[in-house]
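A short write-up of the structure that comes next.
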Amino acid sequence: MDIRQQKGQQIAAKSKIKQDGNLWLVPSQSGRSAYKVDVERQRCNCADFEFRQSTCKHLYAVQFTLEQIERTKTTVVENGKTTTTETVKISRKTYKQEWRAYNAAQTHEKERFLSLLSELCKGVEEPLQTTGRPRFPLSDILFASAFKVYSTMSGRRFTSDLRDAHAKGYLTRAPHYNSIARYLENPTLTSYLKQLIEESALPLQAIESDFAVDSSGFSTCRFDQWVHAKYGDTKLMDKREWLKVHLMCGVRTNIVTSIEVTDRHAGDSPQFKPLVQTTARNFAMNEVSADKAYLMCDSFSD
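Have a look at this one:
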């Protein structure tokens, strides 16, 4: 089962797919609109189908829905007149939610995040400084930067969280919000952040052996989404500064094992090899799933 079939199965299980005449309406996963699927002609009006002219996740979603349909015909004869009624019932497979585990994870997420982030940052080797004004410890800067992004708050409003983290021993001293902003713009921080991502995946070495790779874009403006700019309002591509993230993750736990960030025009295929090489340093790799964007000779040469 490829990635589009998997996504189609998820849509069929979670979304309300309706029939409108000869068409099926499949709700969008990123907005309020719905895609029109014609099963007989095997067509969909989504951008993926228009580009590839091949079965998309929405077509798969309708196919999975049709497999779950139960049709019942009832025939009634009254006064010499025969009436046949067909009843259509969609039986959806439901999954029991582990509410106790879910609630425990949600109510303790922040404290666990801070504890794990602190331990990760403590393992970063401090760069040697021989001259100049003493710098903030690199572990403090990495912790404060990651925590600031996690909080989704502005630098000034985040200051009270920094004071709390300092009081709990996660920081040797709380940096000023302007210091965090400057470090977030420092490109030398990128390699350390990638190191933290790779190390955070290590506890799952014994679990993950199959992986998936893909990319997505994000804007410096948090109110815009890549899918809207790419397939909807294309003018947003020029109005905003966009970056592209390429990552590999384990298919069982979705843990990210390697990552690369490029400009918005960078191709997917050239990033495949470094992502695989980084993951292979820490995991025994059995299989990698990817779409056709990664069909390049260099991706298979080794």
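Last residue of the sequence shown: 412 in the numbering used here, with the numbers rising by one and none dropped.
Heads up, the beta-carbon is just placed ideally off N, CA and C, and yes, glycines get one too.
At least 8 Å separates the beta-carbon of L353 from that of V366.
With a beta-carbon spacing of about 20 Å, L133 and K117 fall beyond the 8 Å limit used to define contacts.
Three or more beta-carbon pairs separated by less than 8 Å are not found between the stretch 205-212 and the stretch 224-236, which leaves the two stretches without contact. Per DSSP, reduced to three states, the secondary structure at H356 is strand. Taking a cut-off of 8 Å for Cβ pairs, the stretch 273-283 and the stretch 311-321 do not touch, as fewer than three such pairs fall below it. DSSP, read as helix, strand or coil, puts F321 in strand. Here the alpha carbon of S319 sits roughly 9 Å from the alpha carbon of V398.
Close CB contacts of T372 within its chain, under the 6 Å cut and outside five residues either way in sequence, are with K354 (chain order).
Taking the Cβ atoms as the reference, F159 lies roughly 7 Å from R153, within the contact range of under 8 Å. Taking each of G131, D112 and P137 in turn and checking the Cα distance to A123, the smallest one comes out for P137. Contact check for P237 and T282: beta-carbon distance about 16 Å, past the 8 Å limit, so the pair fails to qualify. One Cα belongs to L299, the other to S255, and the distance between them is close to 10 Å.
For E236, there is no enclosing beta strand (DSSP E), as DSSP gives it neither H nor E. Listed in chain order, the non-local C-beta contacts of S289 below 7 Å within the same chain comprise F246, local neighbours out to five positions each way being set aside.
Non-local C-beta neighbours of G377 in its own chain, meaning closer than 6 Å and more than five positions away in sequence, are absent.
In terms of CA proximity to Q173, Q129 leads the group L405, Q129 and A284. K258 counts as buried, since at least 16 other C-beta atoms from the protein chains shown sit within 10 angstroms of its C-beta.
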